Each structure stands twice: as C-alpha cells, then as structure tokens.
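Student: Each residue of the sequence shown is one higher than the one before, counting from 9 in the numbering used here.
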Amino acid sequence: MPPPGQEQLPAPSELLARFSTGPAPVHWGERLPSAAEITQLYGAKATARSLRLLERTISTEPRITAQFLAAMPPSASAYRLERRIKSPESLARKFHDMQRSKQRHPPDDLLRYTALTEVSDTLVDATRETCEELSQAGWQIRYAKQSYTEGSRYKGIHGYFVTPSDDRVEVQFHSVASMQVKEATTPWYEIEREARSSPEERTAARRECVRLSATLQKPHGIDTLTQLGGLRVAVSNYSDHREPANAPAGARSSDSRGAPQALTPTKSDGIGR
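Put into structure tokens, the structure is as follows:
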C-alpha cells in the first residue's frame with residue numbers, strides 16, 4: 009500500500025516509459041527504484057515533488073530537446089542525450105537537500121544537455137552560436153559561467169536557462185578533451201561530495217581532480233567569452249569559494265580542507281556534474 013498522499017503518483021517505471029519515446033531512450037540506471045524505495049531514502053514530500061514535476065515535464069521535454077538539438081552548429085553534437093532528464097531518485101534527493109537548507113527555488117537542472125565539440129578550438133564559437141539560437145527559440149539565459157581557471161578541479165562552460173514553458177534547463181559545453189577529463193575526475197568528485205568521506209579523503213580526492221584538470225589547455229577564445237545572451241559570463245573556480253552569490257544553487261562550488269591519503273575511486277558514468 010503506498011504511503012499517504014502518494015496514491016495518485018505516477019510510478020518511476022511509468023515515467024521512464026513515457027520519456028523514452030523521443031530521439032534517445034532515457035537512462036536512469038541499471039535498476040530503477042520504486043516510489044516506496046525512494047520515499048524510504050528521502051521522505052514522502054520530496055518523493056512526491058519529484059514524481060509530480062517529472063510528470064508535468066513529459067509534455068514539454070520533447071520540444072525542449074528538439075530546440076536544443078536544432079540550436080547546435082555543425083561543429084557540435086549532443087553528448088549522452090539519454091541522460092537529459094534527472095532520475096526520480098536524483099530529483100528527490102535534490103528536493104530533500106533543498107528542504108534541509110530551506111531553499112525554495114525550482115531545480116536548475118531537471119533537464120540538462122551537453123554540447124560536445126571534437127576540438128577545443130571550436131568550443132567557444134559553438135557555445136556562442138548555440139546560445140544565440142536558443143535565444144531565438146525564446147530561451148532566456150539566467151546565469152552563465154566558465155571555469156577554465158588555474159587550480160580548478162573541474163573545467164567547463166555552463167549556461168542556465170528558462171524556456172517559454174518555464175522549464176529550467178542546464179546546458180554544458182565541452183570538447184572531447186574536457187569531457188574525457190570530466191569523466192576521469194567524476195569518481196574522485198563523488199568521494200569529495202560523499203557525506204561519509206573524511207576530510208582527508210575529500211582533500212585527497214580534490215587534489216587528484218585538480219591534477220587531472222590541469223592537463224587541459226584553455227580553449228581558443230575563452231578569455232573573450234565575457235557575455236552570453238546579454239549576461240556577463242562569470243569566471244568560477246571549483247576548488248574554492250569564488251562562485252558569485254547570485255549563482256544558481258546547482259552552479260555553486262564547494263570546498264573542504266585536510267591532508268591527503270591514498271584512495272581508490274569507485275566506477276562512475278561521468279555525468280555527476
């Protein structure tokens with residue numbers, strides 16, 4: 009019997025089936041937990057909010073995905089489109105964390121896309137062209153940042169948008185090289201953000217992320233990428249607290265201190281950030 013107040017909620021499996029009729033089947037992991045299992049982890053309120061928001065997004069997601077795909081120039085392509093929608097469990101966890109921190113804004117990355125270029129020298133131009141085309145489709149950019157800064161444990165370009173249907177969307181821009189580094193650092197990032205990790209483990213993991221990210225060359229023209237959609241592009245660093253105060257919650261970086269020790273990262277799919 010479902011928990012009180014969840015009798016009319018759609019099942020995660022039902023949502024997955026309805027989202028998988030677009031250009032790429034949605035992937036929510038090897039095993040999809042039930043609403044009851046998600047409730048045990050994050051509570052009835054967060055679970056209900058997650059499932060209802062995903063249900064409302066079913067009608068708008070195909071159009072949003074089509075607009076993103078049409079906005080990219082020939083030099084870019086969509087990366088892992090099957091990960092474009094947060095899973096019910098991930099979204100419930102986000103709502104649970106927001107409740108604890110008393111945040112009331114909508115999630116900034118319910119829908120998230122990645123535009124990928126083969127070489128880094130075309131990344132900045134592809135970012136500009138994609139954002140211009142999305143603006144023509146009625147998307148409004150709310151915040152943009154790039155993190156190609158010395159010592160940052162993660163490097164990329166991010167834009168946070170709101171669509172005419174009031175959906176919140178995150179778009180990331182990567183080259184093949186920066187995506188390879190992102191995927192290599194994601195297991196270490198998972199250690200750093202894991203609540204059960206010790207300060208020493210977090211510091212060691214962050215230092216490994218910084219070491220790997222330092223191998224990336226700055227994309228051509230990144231220092232001239234100062235505006236997107238009429239808004240200033242913030243320059244951030246994921247290894248300290250240089251994130252502007254007006255950044256969306258999902259865009260803010262974190263930090264912790266301690267001494268390093270040897271670690272073995274767990275396997276991850278590289279889509280955590």
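Beta carbons are placed, not taken as given, at the ideal position from N, Cα and C, and that holds for glycine.
None of these values were measured; they are calculated from a predicted model.
Identify every run of the beta strand (DSSP E) within the stretch 201-255, keeping only runs that are complete inside it and at least 3 residues long; order them along the chain.
Tutor: 239-243
Student: Specify the secondary structure class of S98 as computed by DSSP and reduced to three states.
Tutor: The residue given as residue 98 occupies position 90 in the sequence shown. Residue state, collapsed to three classes: helix.
Student: By the DSSP assignment, the beta strand (DSSP E) with T135 in it spans what residues?
Tutor: Translated into positions along the sequence shown, residue 135 becomes position 127. From DSSP, T135 is part of no beta strand (DSSP E) but of the alpha helix (DSSP H) over L131 to Q144.
Student: Can you give me the start and stop residues for the beta strand (DSSP E) that S58 sits inside?
Tutor: Within the sequence shown, residue 58 is the residue found at index 50, counting from 1. Careful: S58 lies outside any beta strand (DSSP E), inside the alpha helix (DSSP H) at A52 to T65.
Student: For I165 and R150, what's the separation of their Cα atoms in angstroms?
Tutor: Taking the sequence shown and counting its residues from 1, one reaches residue 165 at position 157. Taking the sequence shown and counting its residues from 1, one reaches residue 150 at position 142. Just so you know, the alpha carbons of I165 and R150 end up roughly 14 Å apart.
Student: Out of E90, S28, P33 and K190, state which residue places its alpha-carbon closest to the alpha-carbon of S160.
Tutor: For the purposes of this step, residue 160 is identified with residue 152 of the sequence shown, where counting begins at 1. With distances taken between Cα atoms, S160 lies closest to K190.
Student: Quick one, which of L40, F27, K53 and R88 has its alpha-carbon nearest E63's?
Tutor: Taking the first residue of the sequence shown as position 1, residue 63 is located at position 55. For E63, the nearest C-alpha among the options comes from F27.
Student: Return the residue from the list A185, A152 and S186 that minimises the CA-CA distance to V170.
Tutor: In the sequence shown, the residue the question calls residue 170 occupies position 162. When only C-alpha atoms are compared, the closest one is A152.
Student: Use the C-beta contact count for A100: other C-beta atoms within 10 angstroms, 16 or more gives buried, fewer gives exposed.
Tutor: As a working mapping, residue 100 is identified with position 92 in the sequence shown. With 16 or more neighbouring CB atoms inside 10 Å of its own CB, A100 falls in the buried class.
Student: Measure the alpha-carbon distance for L17 versus T73 and round it to whole angstroms.
Tutor: In the sequence shown, the residue the question calls residue 17 occupies position 9. In the sequence shown, the residue the question calls residue 73 occupies position 65. Whole-angstrom Cα-Cα distance: 25 Å.
Student: For a quick check, are the C-beta atoms of Y162 and S155 less than 8 Å apart?
Tutor: Looking up residue 162 in the sequence shown gives position 154. Looking up residue 155 in the sequence shown gives position 147. In this structure, S155 lies closer than 8 Å to Y162 by Cβ.
Student: Would DSSP call T157 helix, strand or coil?
Tutor: Sequence index remark: in the sequence shown, residue 157 carries index 149 (1-based). In this structure, T157 counts as coil in the three-state DSSP scheme.
Student: Return the first residue and the last residue of the alpha helix (DSSP H) that Q75 is part of.
Tutor: Numbered from 1 along the sequence shown, position 67 holds the residue referred to as residue 75. Here the alpha helix (DSSP H) through Q75 covers E69 to A79.
Student: Ends of the beta strand (DSSP E) at S21?
Tutor: As a working note, residue 21 is residue 13 in the sequence shown. Where S21 is concerned, there is no enclosing beta strand (DSSP E), although the alpha helix (DSSP H) it sits in stretches over P20 to F27.
Student: Beta strand (DSSP E) containing A123: first to last residue?
Tutor: Locating residue 123 in the sequence shown gives position 115, counting from the first residue. Start and end: L119 to T125.
Student: Can you tell me which of the three DSSP states H104 falls into?
Tutor: Here residue 104 is taken as the residue at index 96 of the sequence shown, counted from 1. If DSSP states are grouped into helix, strand and coil, H104 belongs with the helices.
Student: Pair every Cβ in the stretch 92-107 with every Cβ in the stretch 29-49, then say whether three or more of these pairs are closer than 8 Å.
Tutor: yes
Student: Nearest to E209 by CA position, among A222, S221 and P195, is which residue?
Tutor: To locate residue 209, count along the sequence shown from 1; it is residue 201. Checking every option, the nearest Cα to that of E209 belongs to P195.
Student: Distance, Cα to Cα, Q180 vs R120?
Tutor: Translated into the one-based positions of the sequence shown, residue 180 becomes position 172. Translated into the one-based positions of the sequence shown, residue 120 becomes position 112. Each residue's alpha carbon lies about 8 Å from the other.
Student: In chain order, what residues of the same chain lie with their CB nearer than 8 Å to the CB of S3, ignoring the 5 residues before and after it?
Tutor: A question about residue 3 goes unanswered here, because the residues of the chain that appear run from 9 up to 281.
Student: Can you tell me whether S109 is helix, strand or coil according to DSSP?
Tutor: Translated into positions along the sequence shown, residue 109 becomes position 101. DSSP places S109 in helix when its eight states are reduced to three.
Student: Alpha carbon to alpha carbon, what distance is there between R71 and A1?
Tutor: Shown here, the chain extends from 9 to 281; a query on residue 1 therefore has no answer.
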